[in-house]
Amino acid sequence: MTKKFKLKAALLSIGLVTTLVSPVQGAEFDTKKPRAPKLNSTSIAQNKAIDSQLKVLSQQGAIDNDLKGISGQVNVIVHYDEPSVGLERGLKQTKSKKWSKLSDEKVKEKIAKQQQKANSKMQNKGIKYKKNHSYQTVINAEAMTVDAKDIEKIAQIEDVALVEKDDVIQIDPSEMQASKQQDVAKDTMGDELNLKLIPSITHLKVDKVWELGNKGKGVKVGVIDTGIDYNHPDLKDVYKGGRNYVGGGDYNTKRNADDPYETKPEERPGHLPEVNESGSEYYTTHGTHVAGTIAAQGKNEFGMYGIAPNVDLYAYRVLGAYGRGSTSWIVGGIEDAVKDDMDVINLSLGNSSPEENQANSMAVNNAMLLGVTANVATGNSGPERSTIGGPATSPLGIGVGNTTLPEERIDVDLKLGEETKNYKLMAYEFGNNPETTLKDQYELVNIPGLGKKEDFAQVNVKDKVALVERGEIAFVEKIKNAKDAGAKAVIVYNSETGSNSPGPADIFVGASFDYIPTVDMDRTQGLALKAKLEKEKVMIDFTKFNVTTTPGDDVNDSSSRGPSLPNFDIKPDVSAPGTNILSTIPSFAVGDNYSKAYAQYTGTSMATPHISGVSALLKELHPEWTPFDIKSALSNTAKHLDKSKFDVFSQGAGLVQPLEAATATSLFKVAHETEVNGVKQTHTRGTIAFGNQVPTSKAQVITKTIDVQKLSSDDNYAIEVETTRPSKSGATVTTDVQSIQSGKVTVNLNIPAGTPVQGDEIQGYIHFKGNRSYALPFAANLSEVKKKGFEKFALTNYHMSPNGDGNNDASSVHMKVYNKQNLTLLKYYDLLNEKSGPAGDGYVGSIDLFPGLDGEKEVVLDGKLYNIEGSNRVEGKLADGVYAVDAITTSDNGNATADDYPLFVKTKPAEIKSLALNNGKLSFKLDDLYINAKETLASYDINYNVSEFLKASYELSNNKTGEVVISDGGEGTIDINDKGEYHLTLNVEDVAGNKASFKYTVNTNTNEVSEGHKDIKDNTGTPVDEAKTLTDSEVNQFVNGKQKVLTVEGDKAVTFTKSQLAKLSQMKKNKSIVLNTSLHAVSLNSANMNELSKYGDVTIQIKKVDSTYQNAVQVLVKAGDSEVKSLVRPYALYIKGNRGLNVYNADANQRVASKYDKKLGQYGIQVTQFNTFGLK
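What follows is the structure in structure tokens.
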């Protein structure tokens, strides 16, 4: 199964649909575009197939949400409103009208004219486009590359119904890696490798179907996937041809259109990595593995046969390097498979989009209508409900779930000195029984580090057993490194943060040619062995191997579940083995050795080809059967797995039973109808979905009809209703007859009058029992369909600075949900780089994951995040940038997303990028996030003035201060004008709480600017720090004259003699002596002078000092060598500064009462101490 993007660990269970929410606050950005979080859902409302398609075709120019807020060249699929060949045939057949090749041609002609007409309209509107693909059969659409700015113009064209993003999807790498097991083991071991057939054949009794003389001869099966190795000995004799849709610049050589070979290692250009950000290797093997399950010839020593080895096999390569491909390529593969008259197609792929009305789902619907049985993997996002993804969202296609086989597990008694303990093996070499390869006593060697190649290079492990700690790299890589280094076996002990720690990891990797026997050990024992090895040599014995067999027939935890929402439809349709499935892989994956070109993979991708193979067997045996007959036969005859563990939404109709389906004596088909333009559209299936039926004040009876179609027997079937999940409100399911041979059976859902009960539903089976027994699952939702997801979701602050300074260190997101949720995840999405993050999908990390969210919750955003790497949770920090906070949540009644943005994360203040002085004007330019992000954020309709978020002010030593307006480009200007040399302090503060002060010395005479406050002369040439002495004449003239203030200018010391102080003490009370600088002033009255006269000659100095306080000033008074600390009567001190601050005695860190003069822009205080004072 492929996915557009894969959530790790617990997130695999989460799906979502977009939900509109009410913000708590946020008018700051209330014009921003709505965006669709790319945390894509794996469940969606499913309507009836033809009806939903016609609704799409009848709309006028809808635009896919994923196309909003993007720019540049973009790949799209443009859908037109004329029905495709497949849809038109479905419409006609429901009216019982005949269809012919001529009918096909007429529809194609009509579609060709419409597409040509639309292309002309695009050209007339000046829209430039590159046409990549054109479709007529399964959809009426064209794949194009266009400029994002033209998308709305395209949507406005009369013939256009929908403009859909041509998404890139990727094979789920977990299908080809180790996964946590649920009672799962290796298929074969030791002597059992000589069995004629592998377990998936014998367990399903496929060989019994072969005994009917039926191996799929003449049936054409198309594998729509990564391509196949058509030279593989197990495939080359059945391979009949194929097509290639993959193109672009990711390859050294260009492929022919008829060459569907897998992507090879030698095709990789030097600029691309061997393994991409999602953990996928450049070369591909997936399609070959799928093809082998369908059609392998058994030309191997493992008994590996395909389900239908005599089919004609075709390959459609729609996924290329790293297992990636475009939706348009997939649709092209489906389109051509129908044209090539395939009987069966296999799609072990898909995306995470919930939309049924997307191109690939509609293509699957129409392929079924055109007579092609389409089997689709449901996905690997279980075990939560409603995690099924597209194109398995197609209600007509056959969705396939993943079950386990009866398998062998091996444990070993390990003798460590005098002690013997039992441990499980997590891996061993394919084809070699560990008991035969580990017969001696072996030396144990501790591997430094975590088992990387370079770690093994530091020690000698040849013919020894390696002891390795779990962590950082995958188990399979540790095992392979140990084997390459010559080790006989490896012991992996759990890490501190590994799953199940301090116990064993409880992981079963399986068997591979790259593996050696690997012991799964607990952390406690592993650390003890490591410590012992530091002191002495340790020998170990593998004394006894024990083999047990699991029962199998469980639904794999990872298999995606139904129901599809909101129609409560039963998915998957049927299940098949998909866990540890042995099949073919290309030879280049194993050193060009076809004898080893086999591997075990796990996923719904592996289950689906089992159903495709069975479909081919049924088609050969019953060539008259339609795809819907095959679908019903598979469901009617399926084996019900443990109903106490797996409901109908986990297993669908159950585990496929090929022999029973092939020899069915009757078919039991349920018609699903919808009405389009007054015409009922019908398709049939083998499941009964009543949908949502809410109790009311009146009793209700909802009916469905089963058509019992006799094939070869006169059996009289007894009808029994089995209810596996009873209704809480008393609803029941009954039938109108208790027995039947053939004909119609009415199934009644009886709902008593009453009110809905939360969580109420009914599930079960209708059994038809005769000489052969058959069954159909049923389900209905009887509770109110609640609102889904978030009622509110909003950031409380769009700006934060998580740098630990106590200022805006965190923001938070406020959430309110409509009802209790199962699991909720918050993640950071990078708005400035959609390819950032570990997976290259824009998501840089998770914020939190928590169960049971109910009501309201506020989650603190402090810049911490984490990512899941392998099995480890790796903590990290959010880098400075602009992010969206995206949420996905899952509940029993559906899944939802929400988001809010932009969140500016900014831990650093602005920096000066450039600065210049010219003609008294100082021009500067800032470098800052608010400036740099503005253009990119405009694509989200986030528009702001930089000056709203960045504030600047300045102080000059000539007592001049002011505010500076910062332009959107980050520029600012200060008008100094006055000639001379000055100290300049430029202060910049942002709304996130970051501050910076830049100090310069500027000379307007020479236009020179230098960093820092350097020694300068005042503009009259007198040194600033030179003490000034007043003459007696000046003092007498001031005291006796009319002048009220004697001002001494400058940041300098002023000396008063004792006699001058005595004279000044006689001045009138309305007079004062003022010592004045650009930022500070001290005013002394007659009472102050009288007190100072007692000390003799006195020197007074006011001087700006560096401090954590703004505009800090020191008032220093000396009498000889002694310092005067205070007066009895207060004096006045004035400090320049912006409004909204407080004056502090900096020496005592105490606030001082002050009064602000708005006109002069200064604070005034009355104090008695001669200390340092400043603003804060």
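Going letter by letter, the sequence shown gives residues -26 to -1, 1 to 1150 in mature numbering (1 follows the signal peptide of the UniProt record, and there is no 0). Just so it is clear, CB atoms sit at the ideal spot from N, CA and C, and this is done for glycine as well. Computed from a predicted model, the values in this text were never measured in an experiment.
Query raised in the report: Could you give the distance in angstroms between the alpha-carbon of A754 and the alpha-carbon of A129?
Result: For the purposes of this step, residue 754 is identified with residue 780 of the sequence shown, where counting begins at 1. For the purposes of this step, residue 129 is identified with residue 155 of the sequence shown, where counting begins at 1. So the two alpha carbons sit approximately 38 Å from each other.
Query raised in the report: Are F752 and G733 touching if we call contact CB-CB under 8 Å?
Result: Position 778 of the sequence shown holds residue 752. Position 759 of the sequence shown holds residue 733. In this structure, F752 keeps its C-beta atom at 8 Å or more from the C-beta atom of G733.
Requested in this report: Pick helix, strand or coil for Y256, following the three-state DSSP scheme.
Outcome: Counting from one through the sequence shown, the residue named residue 256 turns up at place 282. Here Y256 sits in coil by DSSP.
Query raised in the report: Could you give the distance in angstroms between the alpha-carbon of E929 and the alpha-carbon of G936?
Result: For this step, residue 929 is matched to residue 955 along the sequence shown. For this step, residue 936 is matched to residue 962 along the sequence shown. Their Cα atoms are separated by approximately 7 Å.
Query raised in the report: Are the region 508 to 516 and the region 469 to 486 touching, with three or more C-beta to C-beta distances below 8 Å?
Result: By the Cβ criterion, the region 508 to 516 is not in contact with the region 469 to 486, since fewer than three pairs of Cβ atoms, one from each stretch, lie closer than 8 Å.
Query - Candidates D836, L723, K1133 and V1048: closest to T770 by CA position - result: The residue given as residue 770 occupies position 796 in the sequence shown. Of D836, L723, K1133 and V1048, the residue nearest in Cα terms is D836.
Query raised in the report: With which residues is K1077 paired in a DSSP beta bridge?
Result: Here residue 1077 is taken as the residue at index 1103 of the sequence shown, counted from 1. K1077 has Q1088 as its beta-bridge partners, per DSSP.
**Report entry** Contacting residues, own chain, Cβ-Cβ under 6 Å from S984 (five flanking each side not counted)
**Finding:** Residue 984 sits at position 1010 when you count from the first residue of the sequence shown. So the list reads T975, once near-sequence residues are dropped.
Query - Rounded C-alpha distance that separates D140 from S302 - result: As a position in the sequence shown, residue 140 is number 166, starting the count at 1. As a position in the sequence shown, residue 302 is number 328, starting the count at 1. Between the alpha carbons of D140 and S302 lies a gap of roughly 6 Å.
Query raised in the report: Should H1054 go down as buried or exposed, given a rule of 16 or more other Cβ atoms within 10 Å for buried?
Result: Mapped onto the sequence shown, residue 1054 falls at position 1080. H1054 should be labelled buried.
Query raised in the report: Using DSSP with H/G/I as helix, E/B as strand and the rest coil, what is T1142?
Result: Walking along the sequence shown from the start, residue 1142 turns up at place 1168. Here T1142 sits in strand by DSSP.
Report task. Provide the residue span of the beta strand (DSSP E) that contains H957, from first to last. Result -> For the purposes of this step, residue 957 is taken as residue 983 along the sequence shown, with counting starting at 1. Run containing H957: E955 to D964, per the beta strand (DSSP E) assignment.
Query raised in the report: So what does DSSP say about P422, is it helix, strand or coil?
Result: To locate residue 422, count along the sequence shown from 1; it is residue 448. Coil, per DSSP.
Query raised in the report: What are the partner residues of V833, as DSSP defines its beta bridges?
Result: On the sequence shown, position 859 is the one that residue 833 refers to. V833 pairs with V787.
Report task. Return the Cβ separation of V195 and V318 in integer angstroms, given the expectation that the two are a contact with Cβ distance under 8 Å. Result -> Working through the sequence shown from its first residue, we reach residue 195 at position 221. Working through the sequence shown from its first residue, we reach residue 318 at position 344. V195 to V318, Cβ: 5 Å. Contact.
**Report entry** For K273 and T910, the rounded distance between their alpha carbons
**Finding:** Within the sequence shown, residue 910 is the residue found at index 936, counting from 1. Within the sequence shown, residue 273 is the residue found at index 299, counting from 1. Distance between the alpha carbons of T910 and K273 is about 58 Å.
**Report entry** Buried versus exposed, by CB contacts within 10 Å (16 or more), I862
**Finding:** Within the sequence shown, the letter at position 888 stands for residue 862. With 16 or more neighbouring CB atoms inside 10 Å of its own CB, I862 falls in the buried class.
Query raised in the report: So, do the region 538 to 549 and the region 244 to 260 have three or more beta carbon pairs nearer to each other than 8 Å?
Result: Between the region 538 to 549 and the region 244 to 260 there are fewer than three inter-stretch CB-CB distances shorter than 8 Å, so the stretches are not counted as touching.
Query - Proximity of S1067 and A1036 at Cβ, strictly below 8 Å - result: As a first step, residue 1067 must be located in the sequence shown, where it is residue number 1093. As a first step, residue 1036 must be located in the sequence shown, where it is residue number 1062. A contact, by the Cβ cut-off of 8 Å.
Requested in this report: Taking L877 and Y792 to be in contact with their CB atoms under 8 Å, please state how far apart those CB atoms are, rounded to whole angstroms.
Outcome: Here residue 877 refers to the residue found at position 903 of the sequence shown. Here residue 792 refers to the residue found at position 818 of the sequence shown. 24 Å between Cβ atoms; not a contact.
Query raised in the report: Got a sec? Which residues, its chain only, sit under 6 Å from K851 by beta carbon, not counting five neighbours each side?
Result: For the purposes of this step, residue 851 is identified with residue 877 of the sequence shown, where counting begins at 1. Counting only residues of its own chain and dropping the five nearest sequence neighbours on each side, K851 has a CB closer than 6 Å to the CB of G837.
Query - Proximity winner among L1049, D40 and L799, relative to L136 (alpha-carbon distances) - result: Taking the sequence shown and counting its residues from 1, the one referred to as residue 136 is at position 162. For L136, the closest of L1049, D40 and L799 by C-alpha to C-alpha distance is D40.
Query - Identified DSSP bridge partners for Y803 - result: Position 829 of the sequence shown, counted from the start, is the residue given in the question as residue 803. In DSSP, Y803 forms a bridge with Y817 and A858.
Query raised in the report: V48 lies in the beta strand (DSSP E); which residues open and close that run?
Result: Indexing the sequence shown from 1 puts residue 48 at position 74. Start and end: Q47 to Y54.
Requested in this report: Give the DSSP-derived three-state secondary structure of R242 in the structure shown.
Outcome: For the purposes of this step, residue 242 is identified with residue 268 of the sequence shown, where counting begins at 1. In the structure shown, R242 sits in coil (DSSP, three-state: anything other than H, G, I, E or B).
Report task. Indicate whether F898 and G946 have their beta-carbon atoms separated by less than 8 Å. Result -> The residue you call residue 898 lines up with position 924 of the sequence shown. The residue you call residue 946 lines up with position 972 of the sequence shown. A Cβ-Cβ contact shorter than 8 Å links F898 with G946.
Query raised in the report: Considering only residues of the same chain and omitting the five flanking positions on each side of K99, which have a CB-CB separation below 7 Å?
Result: Mapped onto the sequence shown, residue 99 falls at position 125. Only K127 meet the Cβ criterion.
**Report entry** Residue range of the unbroken alpha helix (DSSP H) whose run includes N1064
**Finding:** The residue labelled residue 1064 in the question sits at position 1090 within the sequence shown. S1060 to L1066 is the extent of the alpha helix (DSSP H) around N1064.
Query - Local conformation of E808 per DSSP, three classes - result: Along the sequence shown, one-based indexing puts residue 808 at 834. Here E808 sits in coil by DSSP.
Report task. Report the three-state DSSP secondary structure of M342 (helix, strand or coil). Result -> Counted from its first residue, the sequence shown places residue 342 at position 368. Assignment of M342 by DSSP, reduced to helix, strand and coil, places it in the helix class.
**Report entry** Presumed contact (8 Å Cβ cut-off) between E227 and E241, rounded CB distance
**Finding:** For the purposes of this step, residue 227 is taken as residue 253 along the sequence shown, with counting starting at 1. For the purposes of this step, residue 241 is taken as residue 267 along the sequence shown, with counting starting at 1. According to the sequence as given, residue 227 is Thr; it is not Glu. For a cut-off of 8 Å, the C-beta gap from T227 to E241 is around 6 Å, short enough to register as a contact.
Report task. Select from Y802, S921, A853 and L891 the residue whose C-alpha is nearest the C-alpha of D873. Result -> Indexing the sequence shown from 1 puts residue 873 at position 899. Closest in C-alpha terms to D873, from the list Y802, S921, A853 and L891, comes Y802.
Report task. With DSSP as the reference, please indicate the residues paired to V112 in a beta bridge. Result -> For the purposes of this step, residue 112 is identified with residue 138 of the sequence shown, where counting begins at 1. V112 is not bridged to any residue.
Report task. Provide the residue span of the alpha helix (DSSP H) that contains residue 1176, from first to last. Result -> Given that the chain is displayed from residue -26 to residue 1150, the structure contains no residue 1176 and the question cannot be resolved.
Requested in this report: Check H646 in the structure and name its three-state DSSP category.
Outcome: Within the sequence shown, numbered from 1, the residue matching residue 646 stands at position 672. Note: H646 maps to strand in three-state DSSP.
Query - Rounded C-alpha distance that separates D952 from N917 - result: The residue given as residue 952 occupies position 978 in the sequence shown. The residue given as residue 917 occupies position 943 in the sequence shown. Spanning the two alpha carbons is a distance of roughly 38 Å.
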